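Quick mapping for you: the protein sequence lines, in order, are chains F and D. Sequential numbering from 1 applies to the first sequence in full-length UniProt numbering. Sequential numbering from 1 applies to the second sequence in full-length UniProt numbering.
2 protein chains.
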Amino acid sequence: MADYFTEAHSAEVVNGRMGHTVNPRLGLVMSSLVKHLHAFAKDVGLTQKEWELAIDFLTRTGQLCDDERQEFILLSDTLGLSMLVDAINNRRPEGATENTVLGPFHVAGAPLRSMGDNISLDGKGETCLFRGRVVDLDGTPIEGARIDVWSDNPDGYYDVQQPGIQPKWNNRGLFVTGADGRYWFIGIKPVAYPIPDDGPVGQMLHNLGRHPYRPAHTHFLVTADGYQTLVTHTFVGDDPYLTSDAVFGVKNSLIAPFIRVDAETVWRSDFDFVLTPIARAGTAAG
Amino acid sequence: MADYFTEAHSAEVVNGRMGHTVNPRLGLVMSSLVKHLHAFAKDVGLTQKEWELAIDFLTRTGQLCDDERQEFILLSDTLGLSMLVDAINNRRPEGATENTVLGPFHVAGAPLRSMGDNISLDGKGETCLFRGRVVDLDGTPIEGARIDVWSDNPDGYYDVQQPGIQPKWNNRGLFVTGADGRYWFIGIKPVAYPIPDDGPVGQMLHNLGRHPYRPAHTHFLVTADGYQTLVTHTFVGDDPYLTSDAVFGVKNSLIAPFIRVDAETVWRSDFDFVLTPIARAGTAAG
């Protein structure tokens, strides 16, 4: 291996400098990163000016981050990397409910509700009965499954984005299944909303001719002893942004029916969560 | 092309969302970036935990940047990307002096000196006579070439790193060649020094079993009308860090002789700068 840097062997020279006592997994990840980073620069013939723009973009992305805003996660989301990492680490057997991204708005500790409770505390939006079962791959009901649910309100904001405007825990709740594995509660038909687009990521989306919207969805975090954690959403099937989700979260199997029922309940959405036993976990890396 | 995200077609799905009116060069660069980023995550089977570490690393890297410190450039330097971009954009014909990285310590506006002047203003270090010629590819002397030179002092710091300790413009100067293309001035034999290693990049180097040192070098920025700008260093040949420069700046052709002469001048370093006419510019992209 060449001691000095050459354009032709650039990645090999960089990776050849790694010490012999480096953690093997770190060595593997970093040498692959360097290989792909250099291949990218070579493939496009990256100019000095473009390199400067990239340094500036990354710097501004880091400097916008604080306790409320994580612009690097937004960048990962909008480049499809978050969904890819989720997919790699959550391969599920045929018939199991698929994962999708957690998103930034989950709050641990949502209040425990009784089946049938209404989690819409601000009275806004079109009422919807959510119901279904939590079952094993063979259809056996799972007792004691915990269903943590959260969604935006019809203005397109989560409660944590509007403290003082929305009641705390608005459109959030925790439900625990009984022996029949069934759940049912009243919420609202969610609405589409834009991800924060006033920073470098929003600028990038604009320059790529992409919009910042996520199609309407309700978040579910479903856990049960002995089963893989399910992090998912259900999507409203008629949403115009379904095929252009800014963070690529939509999967065909996660589009739920939203059926108009009557004047009082208005909508109903049936969806079963099919959990994967831990023993059947996919071949996730690491 | 699939509308929804799949692990198998992740990059195609993301790039398929680009608008039709996107700037063609931006579209090319971004789609290559996404392709390589996704291939990297797939090749190593990036775990959720590793993704979180990466987000945290990038965030801290951005937040350390300010007017004095550019940790993302340091990251690019230590991953060999800065040298690669320099190489891609400054391919030179056989016989021409090669480029290397500019580094963060160049200051525009160095005082004009006369040939033979001593640029070491703090009197520290081992005196060295630097001399040589600025010539065309065919050896013709170039008149009016501007040689901007800068180096650290023997404590391993540039003047701008020690305001109030080192005199302003210590070990810096601008020289202009006459009809014979010759230059000569008194400076010092430079010494090795570490790049700033108290941040995320230093942590990365440590974890990769790499040290933060750059081998001893003198910077030169040589310009002349009608010729490509030459950004380079000359290196001291006996430096122990020569084959392990933390930023990969060393090229074989840039190792200059440092010859011990006598008690007064101590060292002499002869080096000719061979400039490339603009018409003979390499096939740099963009």
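Even glycine gets a Cβ: it sits at the ideal position worked out from N, Cα and C. Note that this is a predicted model, so its numbers are computed, not measured.
Nearest C-alpha to A279 (chain F) among F:D262, F:G226, F:S114: F:G226.
Neighbours of W51 (chain D) across chain F, judged by C-beta separation under 8 Å: S76, L81, S82, V85.
Along the stretch 174-192 of chain D, there is no position whose C-beta sits under 8 Å from a C-beta of chain F. Note that the C-beta distance between H211 (chain F) and W150 (chain F) is not below 7 Å. Excluding residues up to 5 positions away in sequence, T127, N153, N170, N171, I186, G187, I188 lie with their Cβ nearer than 8 Å to the Cβ of S120 (chain F) in the same chain. The C-beta of G19 (chain D) has fewer than 16 other C-beta atoms within 10 Å across all chains shown, which makes the residue exposed. The beta carbon of G45 (chain F) falls within 7 Å of a beta carbon belonging to chain D, placing the residue at that interface. Per the coordinates, the alpha-carbon of N15 (chain F) lies some 19 Å from the alpha-carbon of D86 (chain D). Secondary structure at H20 (chain F): coil, using DSSP grouped into helix, strand and coil. For F248 (chain D), the chain F residues whose Cβ falls inside 9 Å of its Cβ are Y4, F5, S10, V13, V14, R17, in order along the chain. Just measuring C-alpha positions, the residue of F:V134, F:Y213, F:N207 sitting nearest S244 (chain F) is F:Y213.
Three or more pairs of CB atoms, one per stretch, sit closer than 8 Å, so the stretch 86-101 of chain F contacts the stretch 229-242 of chain F. In the three-state reduction of the DSSP assignment, L112 (chain F) falls in the strand class, which pools E and B. At a cut-off of 7 Å between beta-carbon atoms, I195 (chain D) makes no contact with chain F.
Nearest CB-CB separation between L58 (chain D) and chain F: below the 7 Å threshold. No Cβ of chain F is located within less than 7 Å of the beta carbon of S31 (chain D). With respect to the 7 Å criterion, T59 (chain F) and V201 (chain F) are not classified as neighbours on the basis of their beta carbons. When Cβ-Cβ separations below 7 Å define contact, G209 (chain F) makes contact with chain D. Beta-carbon to beta-carbon, I255 (chain D) and W267 (chain D) are separated by about 15 Å, too far to satisfy the 8 Å threshold. Among the residues facing chain F, A108 (chain D) is not included, as its CB has no counterpart in that chain under 7 Å away. With its beta carbon less than 7 Å from one in chain F, G62 (chain D) belongs to the interface. The criterion of a C-beta distance shorter than 7 Å is satisfied by G62 (chain F) and Q63 (chain D). H9 (chain D) and S32 (chain D) have their C-alpha atoms roughly 14 Å apart. Checking the DSSP bridge columns, you'll see H219 (chain D) partnered with D:W150, D:H233. Burial check for I165 (chain D): the Cβ neighbour count within 10 Å stays below 16, so the residue is exposed. In this structure, L81 (chain D) and L37 (chain F) form a Cβ contact; the two beta carbons are roughly 6 Å apart against a cut-off of 8 Å. Counting along the chain, the unbroken beta strand (DSSP E) around L129 (chain D) starts and ends at 127-135. For L53 (chain F), the number of other beta carbons within 10 angstroms of its own is below 16, and it is reported as exposed. V176 (chain D) is bridged by DSSP to D:R146.
Residue pairing by DSSP places I195 (chain D) opposite no residue, since no beta bridge is assigned to it. Rounded to whole angstroms, the separation of the alpha carbons of D238 (chain F) and V222 (chain F) is 25 Å. The beta carbon of F248 (chain F) sits closer than 7 Å to those of G80, M83, all from its chain and outside the five residues before and after it, given in chain order. Across the stretch 124-158 of chain D, no CB contact with chain F closer than 9 Å is found for any residue.
The residue among D:V134, D:A11, D:W51, D:S114 with its C-alpha nearest the C-alpha of Q228 (chain D) is D:V134. Residue pairing by DSSP places S269 (chain F) opposite F:F130 in a beta bridge.
Neighbours of L28 (chain D) in chain F, taken as residues whose beta carbon is under 7 Å from its own, are V44 in chain order.
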